[in-house]
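Numbering-wise, the sequence shown is residues 251 to 521 according to my numbering.
We put the beta carbon where it would ideally sit given N, CA and C, even for glycine.
This one's a predicted model, so the numbers in the text were calculated from it and none came from an experiment.
Comments concern the structure below.
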Amino acid sequence: MAFNGETIAFVGAGVMGEAMIKGLLHQELLQPAHIIASDPRAKHLETLRERYDIRVTTDNVEATRGSDVLVLSVKPQVMSKVLPELRGHVDSISLIVSIVAGVPLKTIAESLLNVRVVRSMPNTPGQIGQGITVWTAAPEVGGNQRKQAEILLGALGEHIYANDESFLDMATALSGSGPAYVFMFMEAMVDAGVHMGFARRDAEKLVTQTLLGSVLYAQQSGLHPAQLRNQVTSPGGTTAAALHEMEKGGLRTVLSEGVWAAYRRSQALGQ
Ligand SMILES: NC(=O)c1ccc[n+]([C@@H]2O[C@H](COP(=O)([O-])OP(=O)(O)OC[C@H]3O[C@@H](n4cnc5c(N)ncnc54)[C@H](OP(=O)(O)O)[C@@H]3O)[C@@H](O)[C@H]2O)c1
Numbered sequence: 251m252a253f254n255g256e257t258i259a260f261v262g263a264g265v266m267g268e269a270m271i272k273g274l275l276h277q278e279l280l281q282p283a284h285i286i287a288s289d290p291r292a293k294h295l296e297t298l299r300e301r302y303d304i305r306v307t308t309d310n311v312e313a314t315r316g317s318d319v320l321v322l323s324v325k326p327q328v329m330s331k332v333l334p335e336l337r338g339h340v341d342s343i344s345l346i347v348s349i350v351a352g353v354p355l356k357t358i359a360e361s362l363l364n365v366r367v368v369r370s371m372p373n374t375p376g377q378i379g380q381g382i383t384v385w386t387a388a389p390e391v392g393g394n395q396r397k398q399a400e401i402l403l404g405a406l407g408e409h410i411y412a413n414d415e416s417f418l419d420m421a422t423a424l425s426g427s428g429p430a431y432v433f434m435f436m437e438a439m440v441d442a443g444v445h446m447g448f449a450r451r452d453a454e455k456l457v458t459q460t461l462l463g464s465v466l467y468a469q470q471s472g473l474h475p476a477q478l479r480n481q482v483t484s485p486g487g488t489t490a491a492a493l494h495e496m497e498k499g500g501l502r503t504v505l506s507e508g509v510w511a512a513y514r515r516s517q518a519l520g521q
């Protein structure tokens with residue numbers, strides 16, 4: 251059993267922190283009494299307490315007192331305030347899991363005087379347990395702590411371990427920001443449907459189910475995307491006409507350039 255009565259402190263209980271708490275409780279991986287969340291907004295904390303029956307506090311240091319595991323789930327710009335605040339109070343914590351974008355393992359370990367750090371990059375579908383997280387761990391994180399990290403991150407969906415921290419910036423660009431690219435694609439498809447004459451709700455239903463069905467089909471068939479695309483593309487047909495326009499407009503290059511821009515930005519923010 252990776253968790254055996256340990257208490258997990260969440261510093262920052264916004265969208266992602268709450269998603270992790272919800273996943274852990276719904277999957278019955280932890281008892282509510284073993285979770286404490288700290289956040290500046292008392293009203294928000296009260297909602298979380300009512301919703302999940304967890305312990306809450308507006309004091310970050312108090313949240314970590316007596317806790318075994320610390321999850322850092324604040325926005326990146328808040329880390330420069332939170333890390334000095336926690337310094338000297340988390341030496342005995344056996345595992346620190348950060349989901350904060352762009353803050354390196356070294357920065358967290360040196361700021362908190364604790365080297366048992368896991369750094370991860372989840373994504374927003376984690377809110378319904380359908381996310382994917384790339385994570386890495388400092389060498390000092392032991393076997394049981396790695397299992398605990400897997401359980402915590404598994405509350406958001408799938409996860410992949412990376413040996414090298416540099417994959418975290420790549421994951422930020424691909425899967426972390428990825429949902430935004432998909433939503434923009436969805437929006438553009440729906441707008442095209444409305445432009446042709448569909449009612450918006452019909453266009454939304456057509457596009458959503460087309461995306462969902464295509465992804466599940468690709469996953470279940472195991473075929474290469476090019477093979478799947480060829481199945482829809484008859485000689486001289488409608489799909490071929492559409493794909494020709496999309497290639498002409500540089501769709502692949504634009505997507506690739508977008509991902510690279512996110513990667514460069516992630517690297518720059520981490521410095
Ligand atoms: N959303 C994504 O797509 C995504 C994906 C992967 C990773 N992440 C990472 O996940 C982290 C959290 O993102 P999020 O979307 O959950 O953000 P969020 O909803 O803004 O949650 C952050 C929470 O931290 C609270 N907070 C602010 N200052 C604090 C302090 N000094 N001490 C403790 N808590 C404080 C915020 O309260 P207030 O609202 O009152 O400021 C908020 O409730 C980020 O670092 C982000 O990089 C996000």
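Which residues have their C-beta within less than 6 Å of a heavy atom of ligand 1, listed in chain order? Val261, Gly262, Ala263, Gly264, Val265, Met266, Gly267, Ser288, Asp289, Pro290, Arg291, Asn310, Ser323, Val324, Lys325, Pro326, Val328, Lys331, Val332, Ile349, Val350, Ala351, Met371, Pro372, Asn373, Thr374 and Gly426
By the three-class DSSP mapping on this structure, what secondary structure does Glu415 have? coil
Buried or exposed: Arg291, going by 16 or more other Cβ atoms within 10 Å of its Cβ? exposed
With a 10 Å radius around its C-beta and 16 neighbouring C-beta atoms as the bar for buried, classify Thr257 as buried or exposed. When all chains shown are included, Thr257 counts as buried.
Inter-residue Cα distance where the pair is Gly428 and Val332: 27 Å
Does the distance from the CB of Glu408 to the CB of Ile382 come in under 7 Å? yes
Please confirm whether any heavy atom of ligand 3 lies closer than 6 Å to the CB of Arg305. With respect to ligand 3, the structure offers nothing, as its ligand set consists of ligand 1.
Rounded C-beta distance between Asp318 and Ile343? I'm assuming under 8 Å. 7 Å
For Thr460, count neighbouring Cβ atoms within 10 angstroms of its own Cβ and tell me buried if that reaches 16, exposed if not. That one is exposed.
Distance CB(Ser516)-CB(Thr374) smaller than 7 Å: no
Check for me: the alpha helix (DSSP H) holding Thr374 runs from which residue to which? Thr374 -> no alpha helix (DSSP H), and no H or E assigned at all.
State the DSSP-derived secondary structure class of Ile346, mapped to helix, strand or coil. Note: Ile346 maps to strand in three-state DSSP.
Per DSSP, cross-strand counterpart(s) of Thr386: Residue pairing of Thr386 in beta bridges, as defined by DSSP: Arg369.
Go ahead and pull the three-state DSSP assignment for Phe448. Correct three-state label for Phe448: coil.
Please specify which runs of the alpha helix (DSSP H), each continuous and at least 4 residues long, are wholly inside the region 277-325, giving them in chain order. 292-302 and 310-314
Beta-carbon separation of Ala388 and Leu355 under 7 Å? yes
State the DSSP-derived secondary structure class of Gly443, mapped to helix, strand or coil. helix
Give the straight-line distance between the Cα atoms of Ile349 and Lys272, rounded to the nearest whole angstrom. 16 Å
So, helix, strand or coil for His552, using DSSP? Since the first residue shown for the chain is 251 and the last is 521, residue 552 is missing from the structure and cannot be characterised.
List the DSSP bridge partners of Ala259. Ile286 and Leu320
Beta-carbon separation of Ala269 and Ser288 under 7 Å? Cβ distance not < 7 Å, so Ala269 and Ser288 don't count as in contact.
Name the one or two DSSP bridge partners that Gly273 has. DSSP lists no partner for Gly273.
Just to confirm, are Leu363 and Asp341 a CB contact at a threshold of 7 Å? yes
In whole angstroms, what is the alpha-carbon distance linking Arg502 and Thr489? Near 16 Å, if we compare the C-alpha coordinates of Thr489 and Arg502.
According to DSSP, which residues form a beta bridge with Gly381? DSSP output for Gly381 lists Gly407 as bridge partner(s).
Using a Cβ-Cβ cut-off of 6 Å (strictly less than) and excluding sequence neighbours within five positions of Leu274, which residues of its own chain qualify? For Leu274, same chain residues with a beta-carbon under 6 Å away, outside a window of 5 residues either side, are Leu280 and Ala405 in chain order.
Nearest-angstrom Cα separation, counted from Ser425 out to Ile410: 11 Å
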